[in-house]
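Be aware that the sequence shown starts at 759, since it is given in this note's numbering, and climbs by one per residue.
Below: the structure, in structure tokens.
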Amino acid sequence: MQETEARTQACVVLLVDTSFSMSMEGRWVPMKRTALALHTLIASRFRGDDLLLVGFGRTAATMEIERLVGLDAVWEKGTNLHHALLLANRHFRRHPDAQPVLLIVTDGEPTSHLEPDGEPWFDYPPSPLTIAHTVRELDAATRLGAHTTFFRLGDDPGLARFVDAMARRAGGSVVAPEADDLGAAVIGSYLDAHRGRDGFGATAWPA
759 MQETEARTQA CVVLLVDTSF SMSMEGRWVP MKRTALALHT LIASRFRGDD
809 LLLVGFGRTA ATMEIERLVG LDAVWEKGTN LHHALLLANR HFRRHPDAQP
859 VLLIVTDGEP TSHLEPDGEP WFDYPPSPLT IAHTVRELDA ATRLGAHTTF
909 FRLGDDPGLA RFVDAMARRA GGSVVAPEAD DLGAAVIGSY LDAHRGRDGF
959 GATAWPA
């Protein structure tokens with residue numbers, strides 16, 4: 759089977775939670791393997807697509823794959839999905855002719871956001887202000903046309919309520935894999951988009 763080079767191009771952003779709970783709950787290595795698998799797939803078989811990796815803890819940062827796979831867990835409070843979405847939207851705007859694909863891996867509700875001065879602000883339980891900042895950036899991604907999937911790790915009911923509400927708001931979906939199945943879930947979501955499900959990339963896989 760060969761992929762056609764005439765397919766719709768995608769601008770893919772993978773947001774991965776790098777808060778300390780990911781390490782404590784045995785999700786750190788599966789998260790890294792997932793990022794590496796997606797990077798390898800796009801680099802080898804979907805070279806027309808663009809991939810940005812973003813890690814988010816108390817703050818968020820874009821990362822090359824080498825930095826992400828070598829990242830050590832750091833004990834600090836905060837899950838700053840707001841900052842991660844800011845970086846994702848900035849990247850989407852740089853690629854206006856590509857289909858935005860937003861893949862979000864997290865095991866906790868957002869507890870941190872960026873203040874106007876660029877400093878992170880933390881509160882637990884999650885404050886309405888942090889939620890509002892996060893929702894605003896998700897709405898921006900939706901307006902940009904992002905195809906959004908949340909990958910919820912763990913059984914926290916607060917997280918389940920949050921990601922379900924966010925996915926409904928964005929017209930996206932939620933997948934709740936076991937940690938060891940995270941890579942297959944993320945790759946599957948990406949390939950589903952290229953197979954034409956949920957609205958783009960219908961020419962990616964010729965019969």
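Note that the Cβ used here is the ideal one computed from N, Cα and C, for glycine as well.
In this structure, does DSSP put residue i in helix, strand or coil?
i    : result
P886 : helix
A819 : strand
R805 : coil
V921 : helix
T837 : coil
R901 : helix
V771 : strand
P854 : coil
P868 : coil
S781 : helix
G912 : coil
L829 : coil
In its own chain, which residues sit with a C-beta less than 7 Å from the C-beta of residue i, not counting the 5 before and 5 after it?
i    : result
R848 : none
V932 : F908, R910, V921, D922 and A925
S779 : D865 and G866
Does the beta carbon of residue i sit closer than 8 Å to a beta carbon anywhere in chain B?
i    : result
T869 : Within the model displayed, chain B is absent; a lone protein chain is all it includes.
Work out the CA separation of residue j and residue i for me, nearest whole Å.
i    : j    : result
V812 : H841 : 10 Å
P883 : D914 : 13 Å
R765 : R910 : Only weak support exists for where R765 lies, its pLDDT of 40 falling under 50; the value from the coordinates is given anyway. Those two C-alpha atoms are separated by around 30 Å.
A899 : M782 : 30 Å
A951 : M821 : 24 Å
A819 : H853 : 19 Å
G916 : T888 : 15 Å
A795 : L810 : 13 Å
Count the other CB atoms, across all protein chains shown, that sit within 10 Å of the CB of residue i; report buried if there are 16 or more and exposed otherwise.
i    : result
Y948 : buried
R816 : buried
D875 : exposed
E873 : exposed
V944 : buried
G973 : Any answer about residue 973 is impossible in this case: the structure gives the chain only from 759 up to 965.
Do residue j and residue i count as a contact pair if the criterion is CB distance below 8 Å?
i    : j    : result
G941 : T792 : yes
V770 : D807 : yes
T757 : D775 : Any property of residue 757 remains undetermined from this structure, which presents the chain solely from 759 to 965.
F814 : L773 : yes
G836 : S885 : no
L896 : A918 : no
F850 : A768 : no
A934 : G784 : no
L839 : T892 : yes
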